[in-house]
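A short write-up of the structure that comes next.
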Amino acid sequence: MEYKLTFKEYNEALKENKLLGLKCKECGAITVPPKMACRKCSSPDMEIVELTGKGKIQTFTIVNVAAEGRESEVPYTIVMVELDEGTWIMGNLIDIDPSEATMELIDKRVSMGHEVFPGDKYSAGDAARPVFSLET
Amino acid sequence: MRKVAVVGVGETKFSGPQDKTEVELFAEAAMDALNESNLKPKDIQALFLGNVLGDFAEGQGMVQAFAAENIGCFNIPASRYEGACASASMAIRDAFMWVASGFYDIVLAGGTERAATMGTPLATRTFAMFSDSRYEYPSGITFPAVFAMLAHLYSKKYGIPLEKLRQQMATVSIQSYKHGSSNPKAHFYGKYGDLPVDKVLTSFMVSSPLTLHDCCPFSDGASAVILASEETAKKLTSKPVYIVGIGQSSSGPLANQQEYLPRLRAREIAAKQSYDMAGLTPKDIDVCELHDCFSIASLIAAEGLGFFEFGKAAEAWEKGEADIGGKIAINPSGGLKSKGHPIGATGGGQVYEIVKQLRGEVESGRQVEGARIGMTDTLGGDGGTLCNLILQRGW
């Protein structure tokens, strides 16, 4: 059985600022990041959809201790965003000063771009991720 | 299924970077467990060993085969368990099943790890491997960042102002340090026994809102647990500690748990399995060693295991209800925070503590008087692997 939307395809789309997900033909749920089985009903019968990348911040943190090789990135902000389509996704929050990263961020609306993690010796290649900016 | 008992336990001191190898550490813990059980290496029929990052820490894979040979358990089946920080618990749960089924009579389980020896940058990189490498690591997820986000979510969801929650989280660390400071096996033995709240709050901010003192250390260490069938156990010891409940569950990445966060559903499922199997409820547990990788993780764990209502654990800790003499004694060993966290070995260390508590063999300042039923709880990754055990006095 073939994997409908692989990481490779998801990654290439995200590098063009396109957030792809899977819509379940059985229950309608949106699964992103992509999997073999629907996140709700576990059916493999899903079709590729493009998502808006817009949503609301659910939680956040400012990271000050980096993993080996990523020291130049700190401090950076990680967020969990609830997309307008209802599903949560992890990404970074940019265009803010870390001192602005307070509880006030929760429920703020964001829109999406992307950045690419170039990869390291453990990662089997590069990987894009969503980066979010506060909507003004 | 037969009844299965822990007959003997051993563990090394958990510590910062040190020079003994993973095999050497486990060998010391295992020989202590064998001596305590009045057994010889030739009596062990199989080895179930937790080890997560030996490949990175020492360039050592398949450590379980070398460990078995090293201690004189020649040619026995030896298996490695990897569930991040839940590895040793998984190993013990499986070991239990092989004995309960009647396939083996006497087995050795536990774990070994040199997380501290790796140093912080590599440890931070490798611990991030317990998150999703494709869909979480690119954002720069680190293990503290996972629980930091859960802390902010906990504040929001339960309406506890962040400043207050941070003070309550500090009481969790302070309680753990108090007990660990009098535990000779603890990473922070003799340290931080009297740490004031503001020292916790103002220490280095690792991943907001978690400071250094909200976070458990990286540790080196090993643990060993010997399990035997009831019939054999009764010949070996007058104080068999029976494993009466086991539970295990898994989860995917954090985003896929959105309906439950900051609750970790896998723990609740695993805990129900072990309570149901044992015919017990949370009220029956006298002492619990749970997964306090971060102060907030203690609150989430205590609620997930059913000791306090959701959103109420923070005030319970403040009131002393989660300490010896309270509603339930949590982490009298000092927990991961103070006793330490050599991840592949931690679950075995929790069993070590519970067995000593039930046998009344713990230093008096942290002995839970009359403890008869204990529980252990370990979590790996973003709530990806949860495993718990319920243990009960057999005398």
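Residue numbers (the numbering used here), protein chains in the order written: chain A, 119 to 254; chain B, -8 to 386.
Cβ atoms here follow ideal geometry from the backbone N, Cα and C, with glycine treated the same way.
Self-check item: Local conformation of histidine 178 of chain B per DSSP, three classes
Solution: Residue state, collapsed to three classes: coil.
Exercise. Give the secondary structure of threonine 337 of chain B by DSSP, where H, G and I count as helix, E and B as strand, and everything else as coil.
Key: In the structure shown, threonine 337 of chain B sits in a helix (DSSP, three-state: H, G or I).
Quiz item: histidine 444 of chain B touches chain A at which residues, Cβ-Cβ below 8 angstroms?
Solution: Nothing can be reported for residue 444 of chain B, as the shown portion of chain B is limited to -8 through 386.
Quiz item: What did DSSP end up calling methionine 221 of chain A once you bin it into helix, strand or coil?
Solution: The answer is helix: DSSP assigns methionine 221 of chain A an H, G or I state.
Exercise. Would you please state the rounded distance, in angstroms, between the beta carbons of tyrosine 126 of chain B and proline 151 of chain A? I believe it to be under 8 angstroms.
Key: Tyrosine 126 of chain B to proline 151 of chain A, Cβ: 4 angstroms. Contact.
Quiz item: Considering only the beta carbon of each residue, do lysine 318 of chain B and phenylalanine 298 of chain B sit closer than 8 angstroms?
Solution: In this structure, phenylalanine 298 of chain B lies closer than 8 angstroms to lysine 318 of chain B by Cβ.
Self-check item: Residues of the segment 146 to 162 of chain A whose Cβ lies closer than 7 angstroms to any Cβ of chain C, in chain order
Solution: Structure shown: chain C not included; protein chains present are A and B.
Practice problem: Figure out for me which residue from B:Val90, B:Glu15, B:Ala48 and B:Gly7 has the closest Cα to the Cα of alanine 37 of chain B. | Solution: The candidate whose alpha carbon is nearest that of alanine 37 of chain B is B:Val90.
Quiz prompt | Within chain A, the residues that isoleucine 132 of chain B reaches when beta carbons sit closer than 8 angstroms | solution = What isoleucine 132 of chain B touches in chain A: Ile196 and Met208.
Quiz item: Which residue comes first and which comes last in the alpha helix (DSSP H) that contains proline 112 of chain B?
Solution: Here the alpha helix (DSSP H) through proline 112 of chain B covers 111 to 118.
Quiz item: So is glutamine 470 of chain B in contact with chain A if we call contact Cβ pairs under 8 angstroms?
Solution: No answer is possible for residue 470 of chain B: the residues shown for chain B start at -8 and end at 386.
Quiz item: Quick one: is arginine -7 of chain B buried, meaning 16 or more other Cβ sit within 10 Å of its Cβ, or exposed?
Solution: An exposed status is given to arginine -7 of chain B, since fewer than 16 other beta-carbon atoms sit within 10 Å of its beta-carbon.
Practice problem: Name, please, each residue of chain B whose Cβ falls closer than 8 angstroms to the Cβ of glycine 171 of chain A. | Solution: Neighbours of glycine 171 of chain A on chain B: none; closest Cβ ~14 angstroms, over 8 angstroms.
Practice problem: Would you decide whether glycine 295 of chain B is buried or exposed? Buried here means 16 or more other CB atoms lie within 10 Å of its CB. | Solution: Glycine 295 of chain B is buried by the Cβ-count criterion.
Self-check item: First and last residue of the uninterrupted beta strand (DSSP E) at tyrosine 72 of chain B
Solution: 69 to 72 is the span of the beta strand (DSSP E), which, as asked, contains tyrosine 72 of chain B.
Quiz item: What's the C-alpha gap between cysteine 156 of chain A and phenylalanine 118 of chain B?
Solution: Roughly 28 angstroms between the two C-alpha positions.
Quiz item: Is there contact between the segment 174 to 189 of chain B and the segment 304 to 313 of chain B, where contact requires at least three CB pairs shorter than 8 angstroms?
Solution: The segment 174 to 189 of chain B vs the segment 304 to 313 of chain B: no contact.
Quiz item: Considering only residues of the segment 338 to 373 of chain B, which uninterrupted beta strand (DSSP E) runs meet the minimum length of 3 residues and lie entirely inside it, listed in chain order?
Solution: Given a length threshold of 3 residues, each whole run of the beta strand (DSSP E) inside the segment 338 to 373 of chain B is given here in chain order: 364 to 371.
Quiz prompt | Integer-rounded CB distance, given that proline 129 of chain B should sit under 8 angstroms from phenylalanine 285 of chain B | solution = The Cβ separation is near 23 angstroms, so there is no contact.
Quiz item: For leucine 141 of chain B, which of helix, strand or coil comes out of DSSP?
Solution: Residue state, collapsed to three classes: helix.
Quiz item: Which word fits serine 160 of chain A, buried or exposed, when buried means at least 16 other C-beta atoms lie within 10 angstroms of its C-beta?
Solution: By the neighbour-count criterion, in which a residue is buried when 16 or more other Cβ atoms sit within 10 angstroms of its Cβ, serine 160 of chain A is exposed.
Self-check item: Residues in the segment 195 to 223 of chain B having any Cβ partner in chain A nearer than 9 angstroms
Solution: Only Phe195, Met196, Val197, Ser198, Ser199, Pro200 and Leu201 from the segment 195 to 223 of chain B bring a Cβ to less than 9 angstroms from some Cβ of chain A.
Quiz item: On the three-state DSSP scale, how would you describe tryptophan 386 of chain B?
Solution: Taken through DSSP and simplified to helix, strand or coil, tryptophan 386 of chain B comes out as coil.
Exercise. Give the DSSP bridge partners of phenylalanine 397 of chain B, in chain order.
Key: Here chain B comprises residues numbered -8 to 386, so residue 397 of chain B is not present and cannot be evaluated.
Quiz prompt | Classification of proline 396 of chain B by the beta-carbon crowding that lies within 10 angstroms, buried from 16 upward | solution = For chain B, the structure presents residues -8 to 386; residue 396 of chain B sits outside this window and is missing.
Practice problem: Report yes if the CB atom of glycine 171 of chain B is closer than 8 angstroms to the CB atom of serine 289 of chain B, and no otherwise. | Solution: No, Cβ-Cβ distance for glycine 171 of chain B and serine 289 of chain B is not below 8 angstroms.
Quiz prompt | Against chain A: residues of the segment 219 to 252 of chain B by CB proximity under 7 angstroms | solution = Listed by position, the residues of the segment 219 to 252 of chain B near chain A (Cβ gap below 7 angstroms) are Leu245, Ala246, Asn247 and Gln249.
Quiz item: Looking at glycine 63 of chain B and glycine 339 of chain B, is the spacing between their C-beta atoms short of 8 angstroms?
Solution: Cβ distance not < 8 angstroms, so glycine 339 of chain B and glycine 63 of chain B don't count as in contact.
Quiz item: For leucine 201 of chain A, which three-state DSSP category applies?
Solution: For leucine 201 of chain A, the three-state secondary structure derived from DSSP is strand.
Quiz item: alanine 183 of chain A versus chain B: which residues are under 8 angstroms apart at the beta carbon?
Solution: In the sequence as presented, alanine is not what sits at residue 183 of chain A; that position holds valine. The answer, in chain order, is Thr111, Thr115, Thr133, Pro135, Val197 and Ser198.
Quiz prompt | Contacts that serine 124 of chain B makes with chain A (C-beta to C-beta distance below 7 angstroms) | solution = Residues of chain A passing the Cβ test: Ser241.
Exercise. Please determine, among B:Ile276, B:Thr3 and B:Thr223, the residue with the shortest C-alpha to C-alpha distance to isoleucine 315 of chain B.
Key: Of the listed residues, the one whose Cα sits closest to isoleucine 315 of chain B is B:Ile276.
Quiz item: Which of helix, strand or coil does DSSP assign to leucine 281 of chain B?
Solution: Leucine 281 of chain B: coil per DSSP, three-state reduction.
Practice problem: Determine the direct distance from the alpha carbon of cysteine 279 of chain B to that of tyrosine 194 of chain A, and round the result to whole angstroms. | Solution: If you take the alpha carbons of tyrosine 194 of chain A and cysteine 279 of chain B, they lie about 36 angstroms apart.
Quiz prompt | Check whether glycine 375 of chain B and phenylalanine 39 of chain B have beta carbons under 8 angstroms apart | solution = The answer is no: Cβ separation not under 8 angstroms.
Quiz item: In its own chain, which residues sit with a C-beta less than 6 angstroms from the C-beta of tyrosine 149 of chain B, not counting the 5 before and 5 after it?
Solution: Excluding residues within five positions, the ones whose Cβ falls inside 6 angstroms are Gly302.
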